[in-house]
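Trainee: For the protein sequence lines, the chains are A and B, in the order given.
Quick note on my numbering: the first sequence kicks off at 1 and runs consecutively.
Quick note on my numbering: the second sequence kicks off at 259 and runs consecutively.
We treat Cβ as the ideally placed atom computed from N, Cα and C, and that holds for glycine.
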Amino acid sequence: MKTEEQDIQRSAFVRPDSMTDVVTHYCPGCTHGVIHRLVAEAIDDLGLRERTVGVAPVGCSVLAYNYFNCDFLEAPHGRAPALGTGFKRLRPDMIVFTYQGDGDLASIGMGEIIHAANRGEKFTAIFVNNAIYGMTGGQMAPTTLPMQITTTCPTGRDMNETGHPIKISELLSTLTTPSYIERVSVHSPQHILKAKKAIRQAFQNQVDDKCFSLIEVLSTCPTNWGITPTEATSWVEDQMFKFFPLGCFKRPDDGKVK
Amino acid sequence: MAKVLMKGNEAIAEAALRAGANNYFCYPITPQTEVAEYMAKRMPEVGGVFLQGESEVAVGNMIFGAAATGKRVFTTSSSPGISLMQESISYMAGAQLPCVIVNIMRGGPGLGGILPAQSDYFQAVKGGGHGDYRLLVLAPSTVQEAVDLMILSFDLADKYRNPVMMIGDGMIGQMMEAVEFPDKDADPKPPDESWAATGAKDRKPRIIKSLFLDPVKLEENSWLLHEKYERMKKEEVRFELYKVKPENEFMIVSYGTMARICQTAIDELEEEGVSIGLFRPISLFPFPSTQILEEATKENVKALLTVEMSTAQMMEDVVMAVVGNRPVEFYGRCGGIVPTPEEVKEKILEMQKTYSK
Chain A
1 MKTEEQDIQR SAFVRPDSMT DVVTHYCPGC THGVIHRLVA EAIDDLGLRE RTVGVAPVGC
61 SVLAYNYFNC DFLEAPHGRA PALGTGFKRL RPDMIVFTYQ GDGDLASIGM GEIIHAANRG
121 EKFTAIFVNN AIYGMTGGQM APTTLPMQIT TTCPTGRDMN ETGHPIKISE LLSTLTTPSY
181 IERVSVHSPQ HILKAKKAIR QAFQNQVDDK CFSLIEVLST CPTNWGITPT EATSWVEDQM
241 FKFFPLGCFK RPDDGKVK
Chain B
259 MAKVLMKGNE AIAEAALRAG ANNYFCYPIT PQTEVAEYMA KRMPEVGGVF LQGESEVAVG
319 NMIFGAAATG KRVFTTSSSP GISLMQESIS YMAGAQLPCV IVNIMRGGPG LGGILPAQSD
379 YFQAVKGGGH GDYRLLVLAP STVQEAVDLM ILSFDLADKY RNPVMMIGDG MIGQMMEAVE
439 FPDKDADPKP PDESWAATGA KDRKPRIIKS LFLDPVKLEE NSWLLHEKYE RMKKEEVRFE
499 LYKVKPENEF MIVSYGTMAR ICQTAIDELE EEGVSIGLFR PISLFPFPST QILEEATKEN
559 VKALLTVEMS TAQMMEDVVM AVVGNRPVEF YGRCGGIVPT PEEVKEKILE MQKTYSK
């Protein structure tokens, strides 16, 4: 017999239709799960699940296709925007989203993302930035912060040797082609709500046949950062915000580049 | 439809349209850029998709994404560009996606040159990308055959859900010949979408992938692919014989436009009393090994000669086909230099001296 309490719990927290009933492989304290859910909620809210195709990357979220209840393609490392381009061009009636980490998008896939954005490909790009390679065990990424320790920069990222963190949202927002580019974070409930709004807008733009949209989501990696999940949420705000300020860098049909 | 005079590259483009491929992703590279230029004009006329990508890496992956829709997709490139597409080709083979890739070969390795060559035989036939997979590889020797094989390529890609590669040396792309196109099917068969990503409506989601982390599943997938390749070996062997007669003492094995040059040499040798024929493989994978062995082991045949615009690549398959039953010699030029009929003749006359002793 269901108790009243269970009913309340159920109505307060239900699994979105666009997610499968599967336990994810993500580490404790990793925010991929939160971001997956926000994407799924946006797809649900706009009623798009039955005509949505996701494109998974290579990286921790390579198995994202197991967690979304929609059709999925698994791309080679960094090429999700090219797959998204090919698919969406042939099926403009469908909704396409890519989901990529910072090694995938900002390193090996830099060419594909810049050109997809510049052509104004009408898919939604979710860019998860946790400043490190997660799946391979914590190597330096183009987004790794100065002096941040990783297994391939064990004494900290030396900017003289490897440059500064690449700011993807700022970089892409220098392009003229109309785009929606916003950087959000999911380290606190307040930020999660803002991120949800941005992700939903990115899908809405596609429904409206408007433009290429990219949402950069700052994410945690306590396992490879070598700190606790709680410390990781603080690290996002204390350290990542300095290099990756939150905000909307470009709006659809926004003539001005911020 | 009446015959028209057309450049090979343009004929290939038009043939793809006739086959129902209403989309084309490309990157310019000599000597096949005319395909892109032709498509840039023609695609808007047929309401299709034309897109110039930022690299062959991207283009290969665009057709990966496009193929996942279940529609007919293709791209064209030349040797260095095809190297860059190997990533996506391996993934598409692993994910069982149909597509057609045309390689109008130029001399390599590296940046090489821009003149005709056949030096990508290994790349096309033996893999090219990583993993246990094969492409179905077809090699036309005339512009008309390029048209016919292009249309066939799409059927075969659909039949096997596997990438099909058509390889032609630069001459196939650049020369003009009279061609006839079949009329476009007025009522074409709708694409098979039973496996495609079309949206999970009233069905479970479909995942198009080549990732199988469980070794048991990956092995299953590899054997599944292997079965397809074995089926191709049974059903898709294609070749042509030219002046192959029981009394022949020699047989040339050559493919593509090189085979046409060999035909001229054979005609002239015939006049000089040399008894010789040509075996021209049309499908390079599956390779017509059994048929070559059968012809090679006919009583009067003394030796075989493979002629290629490379440093003996297909020769390895010919040697394997005859399993030591006959000597196999080689003549070839490379780097964009095309052997003349005289050179081929000279080699055969030399062989005649050797094997008549």
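(1) Let me see if you follow: with CB-CB separation under 7 Å, is A/Arg51 close to chain B or not?
(2) If you measure between the beta carbons of B/Gln354 and B/Arg276, is that distance less than 7 Å?
(3) Over what stretch of residues does the alpha helix (DSSP H) that includes A/Gly86 continue unbroken?
(4) Return the chain-ordered ranges of every beta strand (DSSP E) run that is complete within the region 568-597 of chain B and spans a minimum of 3 residues.
(5) Given that a residue counts as buried once 16 or more other Cβ atoms are within 10 Å of its Cβ, and exposed if not, what is A/Lys167?
(6) Let me know if A/Pro165 comes out buried or exposed under the rule of 16 or more other beta-carbons within 10 Å of its beta-carbon.
(7) Can the beta-carbon of B/Thr564 be found less than 7 Å from the beta-carbon of B/Met578?
(8) Taking 8 Å as the cut-off, does the region 427-442 of chain B touch the region 356-368 of chain B (at least 3 CB pairs, one atom from each stretch)?
(9) For the alpha helix (DSSP H) containing B/Gly431, name the first residue and the last one.
(10) Of all the beta strand (DSSP E) runs that stay within the bounds of the region 174-252 of chain A, which reach a length of 3 or more residues?
(11) To which residues of the same chain is B/Arg584 closer than 8 Å at the C-beta, ignoring the five residues directly before and after it?
(12) Below 8 Å on the Cβ atoms is my guess for B/Glu303 versus B/Ser335; work out the distance and round it to an integer in Å.
(13) Since A/Glu74 contacts A/Lys196 with CB under 8 Å, what's their CB separation in whole angstroms?
(14) What do you get for B/Trp481, buried or exposed, if any count of 16 or more other CB atoms within 10 angstroms of its CB means buried?
(15) Evaluate the contact criterion for the region 68-86 of chain A versus the region 50-57 of chain A: three or more CB pairs, one atom per stretch, below 8 Å.
(16) Against chain E, which members of the region 360-379 of chain B pass a CB distance test of less than 9 Å?
(17) State the beta-bridge partners of B/Ala436 as determined by DSSP.
(18) To be precise: take each residue of the region 453-466 of chain B, compare its Cβ to all Cβ atoms of chain A, and keep it if any distance is under 9 Å. Which residues remain?
(19) How long is the line joining the alpha carbons of A/Asp44 and A/His191, rounded to whole angstroms?
(20) Does the count of Cβ pairs from the region 317-331 of chain B and the region 293-303 of chain B closer than 8 Å reach three?
(21) Rounded to whole angstroms, what is the Cα-Cα separation between A/Arg200 and A/Val39?
(22) Where does B/Gly582 land, buried or exposed, given buried means 16+ other C-beta within 10 angstroms?
(23) Considering B/Val474, what are the terminal residues of the beta strand (DSSP E) in which it resides?
(24) For A/Cys248, would you say it is in contact with chain B, using Cβ-to-Cβ distances shorter than 7 Å as the test?
(25) Can you have a look at A/Gly255 and say buried or exposed, based on whether 16 or more other CB atoms are within 10 angstroms of its CB?
(26) With the cut-off set at 7 Å, would you say A/Val236 and A/Val217 are in Cβ contact?
(27) Please determine, among A/Thr233, A/Ser169, A/Trp225 and A/Tyr180, the residue with the shortest C-alpha to C-alpha distance to A/Asp208.
(28) State yes or no: is the beta carbon of A/Thr85 nearer than 7 Å to at least one beta carbon in chain B?
(29) From the DSSP output, in three-state form, read off A/Asp17 for me.
(30) Of all the alpha helix (DSSP H) runs that stay within the bounds of the region 75-154 of chain A, which reach a length of 4 or more residues?
(31) Roughly how many angstroms lie between the CA atoms of A/Thr31 and A/Pro229, to the nearest whole one?
(32) Do A/Gly111 and A/Gly59 have their C-beta atoms within less than 7 Å of each other?
(33) Using the Cα positions of A/Lys242 and B/Gly457, report the straight-line distance between them to the nearest angstrom.
(34) Just mark B/His388 as buried or exposed, buried being the case when its beta carbon has 16 or more other beta carbons within 10 Å.
(35) Going by alpha carbons, who is nearest to A/Gly163 out of A/Pro178, A/Gly86, A/Thr151 and A/Met147?
(36) What residues in its chain sit with their C-beta under 6 Å from that of B/Leu235, if we drop five residues either side in the sequence?
Mentor: Reading it off the structure:
(1) Yes, contact with chain B.
(2) B/Gln354 is not a Cβ neighbour of B/Arg276, given a cutoff of 7 Å.
(3) A/Gly86 -> alpha helix (DSSP H) spans Ala80 to Leu90.
(4) Every beta strand (DSSP E) stretch that sits fully inside the region 568-597 of chain B and reaches 3 residues is listed by chain position as 586-590.
(5) A/Lys167 comes out buried.
(6) Buried.
(7) No; because the gap between Cβ atoms is not below 7 Å, this pair is not in contact.
(8) Cβ pair count under 8 Å is three or more, so yes.
(9) From DSSP, the alpha helix (DSSP H) with B/Gly431 extends over Gly428 to Gln432.
(10) 179-185, 212-218 and 247-250, all fully within the region 174-252 of chain A.
(11) By the criterion of a C-beta distance shorter than 8 Å, B/Arg584 is surrounded in its chain by Ala554, Thr555, Val559, Lys560, Ala561 and Leu562, once the five residues flanking it on both sides are discounted.
(12) The pair is not a contact, with the Cβ atoms about 23 Å apart (cut-off 8 Å).
(13) Rounded, the Cβ-Cβ distance is 26 Å, inconsistent with contact.
(14) So B/Trp481 ends up on the exposed side.
(15) They touch, by the three-pair rule.
(16) Among the chains of the structure shown, chain E does not appear; the protein chains present are A and B.
(17) Partner(s): B/Leu263.
(18) In summary, the residues of the region 453-466 of chain B whose CB is separated from some CB of chain A by less than 9 Å are Ala454, Ala455, Thr456, Gly457, Ala458, Lys459, Asp460, Lys462, Pro463, Arg464, Ile465 and Ile466, in the order they occur in the chain.
(19) When rounded, the distance between both Cα atoms is 20 Å.
(20) Contact between the region 317-331 of chain B and the region 293-303 of chain B is absent, because fewer than three Cβ pairs lie under 8 Å.
(21) Here the C-alpha atom of A/Arg200 lies approximately 8 Å from the C-alpha atom of A/Val39.
(22) Flag for B/Gly582 reads exposed.
(23) Run containing B/Val474: none in the beta strand (DSSP E); it sits in the alpha helix (DSSP H), Pro473 to Glu493.
(24) With a threshold of 7 Å between beta carbons, A/Cys248 makes no contact with chain B.
(25) Only weak support is given to the placement of A/Gly255: the predicted model assigns it a pLDDT of 49, under 50, and the value that follows is read from those uncertain coordinates. Counting Cβ neighbours within 10 Å, A/Gly255 comes out exposed, since fewer than 16 surround it.
(26) When the beta-carbon positions are compared, A/Val236 and A/Val217 stay at least 7 Å from each other.
(27) For A/Asp208, the nearest C-alpha among the options comes from A/Tyr180.
(28) Yes - at least one Cβ of chain B is within 7 Å of the one on A/Thr85.
(29) Three-state DSSP puts A/Asp17 in coil, outside helix and strand.
(30) Listed in chain order, they are 80-90 and 110-119.
(31) Cα-Cα distance, rounded: 10 Å.
(32) Cβ distance not < 7 Å, so A/Gly111 and A/Gly59 don't count as in contact.
(33) C-alpha separation (whole angstroms): 40 Å.
(34) By the Cβ-count criterion, B/His388 is exposed, with fewer than 16 other Cβ atoms from all chains shown falling within 10 Å of its own Cβ.
(35) Of the listed residues, the one whose Cα sits closest to A/Gly163 is A/Met147.
(36) Beyond the ends of chain B as shown, which are 259 and 615, falls residue 235 of chain B; an answer cannot be given.
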